[in-house]
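**Student:** Next up is a structure, given as structure tokens.
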DNA sequence: TTGATATTAGTACCAAGTGCTAATACTAAT
DNA sequence: ATTAGTATTAGCACTTGGTACTAATATCAA
């Protein structure tokens, strides 16, 4: 009936990955084997029981919630010299690209650049007033985008700071932009 | 020791909301009451048992995963005329604003505008090449941002389309931008 | 002191398992 | 065909974190 243990086990792995909410009993019925066989399979494949799987999913969700406030900055800042320059990296994942063509959605690159421009200012209130950006080259999932922000000039009377941002992947320019930032204190 | 049932129950509601992974036993120990009391409290408050709570969290996460591909477009498109114009709305939530000052992070407005510029093109492949944007007025949590994209011109030789985007809250301009888009087919 | 409300205790039962032992079934090689 | 080895099935005791229900106390207020 079923094409061997191997096949069943690989199907099983898939099934569970696809829907972690399925019980051994349901799986047994689906594969026309006993519940015990399913249990043995899970053991061999080191797949935890239903409750553990569900807990894992829930726990992951919880981690996410906790790490979300960190999206105040998109990308990880690895170097910063306030009011001068800053560098951040951002790893592009599957969730950042268009399904159709695998190219990163522009707003993620913009978000990284904009976040960095805000961060480099370090004022109680730093807001983007204007920006001028160019998406030079497509970025894809798996790429590591390195973004540098450089403070170029100021207009203290108007509380403005100008920041230039360039992003590259493997030392190739993929994005550049100029940001005009507003700050509360003219410094 | 404990200030009445009422107080305990409100603390309990909080505790569980804060950490759905806690068992009745742990709660009983924490409140210095018996496990049964905790159970009675949960019944009165209609709080489901641990496993159900965890399942709920996990299920929510699963729904999210399924609805995530919808973030191909930021904001909800309410009207669209391909290669001509489009309108989307985006409700700003607490998660979109800076904690410090309650003002929406620029990239969300940009994301809405950029998404709409992509959507109005409707080509297999529409990419942002350049954009020039201005954040005219701060946007806050609770604001409903209405964004309009208008196709302004084309350069068929270069496969370019120019889109103008303006966003407003309560008919007041909050954002404007020009987007230069690349498309595969020059149409 | 009487009632009402709150709390605790105890029992039977459930789902979805784990862990273990033991009996079959199937398959392949000698 | 017999034997070995893997695969499958069955059955039982036990575990968690409960539900459902009954019954005994405690606490407090009129």
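Protein chains in written order, with our numbering: chain G, 1 to 187; chain E, 1001 to 1187. Note that the Cβ used here is the ideal one computed from N, Cα and C, for glycine as well. Note that the structure is predicted; figures quoted are calculated from it, not measured.
1) For residue 1058 of chain E, decide whether its Cβ has a neighbour in chain G, counting only Cβ atoms nearer than 8 Å.
2) According to DSSP, is residue 106 of chain G helix, strand or coil?
3) So, at 6 Å on beta carbons, what are the nonlocal neighbours of residue 1148 of chain E in its own chain, with the 5 sequence-adjacent residues on each side left out?
4) With C-beta atoms as the reference, is residue 82 of chain G less than 8 Å away from residue 122 of chain G?
5) Could you tell me the alpha carbon to alpha carbon distance between residue 1164 of chain E and residue 1018 of chain E, rounded to whole angstroms?
6) With 8 Å set as the bound, which would you pick, yes or no: does the beta-carbon of residue 1139 of chain E sit closer than that to a beta-carbon of chain G?
7) Name the two residues that bound the continuous alpha helix (DSSP H) containing residue 82 of chain G.
8) Does the distance from the C-beta atom of residue 952 of chain E to that of residue 1139 of chain E stay below 8 Å?
9) With 16 as the cutoff for other CB atoms within 10 Å, does residue 1177 of chain E come out buried or exposed?
10) Assuming the contact rule is C-beta atoms closer than 8 Å, residue 159 of chain G and residue 182 of chain G should be a hit. Round their C-beta distance to whole Å, please.
11) Pick helix, strand or coil for residue 131 of chain G, following the three-state DSSP scheme.
12) Determine the direct distance from the alpha carbon of residue 105 of chain G to that of residue 97 of chain G, and round the result to whole angstroms.
13) Is it a yes or a no for the segment 15-35 of chain G touching the segment 43-59 of chain G, going by three-plus beta-carbon pairs under 8 Å?
14) At 3 residues or longer, what runs of the beta strand (DSSP E) sit wholly inside the segment 1137-1179 of chain E?
15) Could you check whether residue 120 of chain G and residue 80 of chain G sit closer than 8 Å to each other, using their CB atoms as the reference points?
16) Just curious, the alpha helix (DSSP H) that residue 17 of chain G is in, first and last residue?
17) Can you name, in chain order, every residue of its own chain whose Cβ lies under 6 Å from the Cβ of residue 134 of chain G, other than the five neighbours on each side?
18) For residue 100 of chain G and residue 1027 of chain E, what's the separation of their Cα atoms in angstroms?
19) Skipping 5 residues on each side, what residues in its chain have a beta carbon closer than 6 Å to that of residue 12 of chain G?
20) Please report the residue range of the alpha helix (DSSP H) in which residue 1037 of chain E lies.
21) Have a look at residue 1059 of chain E and residue 37 of chain G and give me their C-alpha separation to the nearest angstrom.
22) Measuring alpha carbon to alpha carbon, tell me which of G:39, G:14, G:131 ends up nearest residue 115 of chain G.
23) Using DSSP bridges, identify the partner residues of residue 1090 of chain E.
**Tutor:** On the basis of the coordinates in this document:
1) For residue 1058 of chain E, the nearest beta carbon of chain G is closer than 8 Å to its own beta carbon.
2) In the three-state DSSP reduction, residue 106 of chain G falls in the helix class (H, G or I).
3) Excluding positions up to five away in sequence, the list reads 1087, 1166.
4) Yes, the Cβ-Cβ distance between residue 82 of chain G and residue 122 of chain G is below 8 Å.
5) So the two alpha carbons sit approximately 44 Å from each other.
6) Put simply, the CB of residue 1139 of chain E is far from chain G, with every gap to its CB atoms at 8 Å or more.
7) Element bounds for residue 82 of chain G: n/a, residue is neither H nor E.
8) Residue 952 of chain E lies beyond the stretch modelled for chain E, which goes from 1001 to 1187, so this question has no answer here.
9) Result: buried.
10) Contact holds; Cβ gap of about 6 Å.
11) Note: residue 131 of chain G maps to strand in three-state DSSP.
12) Taking the straight line joining both Cα atoms gives about 5 Å.
13) Between the segment 15-35 of chain G and the segment 43-59 of chain G, the count of Cβ pairs shorter than 8 Å is three or higher; the stretches touch.
14) Complete beta strand (DSSP E) runs here, min 3: 1144-1155, 1160-1169.
15) Closer than 8 Å, so yes.
16) First-last of the alpha helix (DSSP H) with residue 17 of chain G: 4-18.
17) For residue 134 of chain G, where only same-chain residues beyond five positions count, the Cβ hits under 6 Å are 176.
18) Between residue 100 of chain G and residue 1027 of chain E, the alpha-carbon positions lie close to 49 Å from each other.
19) Result list for residue 12 of chain G: 41, in chain order.
20) It spans 1035-1045 - the alpha helix (DSSP H) in which residue 1037 of chain E sits, taken as one unbroken run.
21) Taking the straight line joining both Cα atoms gives about 27 Å.
22) The option with the nearest alpha carbon to residue 115 of chain G is G:131.
23) In DSSP, residue 1090 of chain E forms a bridge with E:1145.
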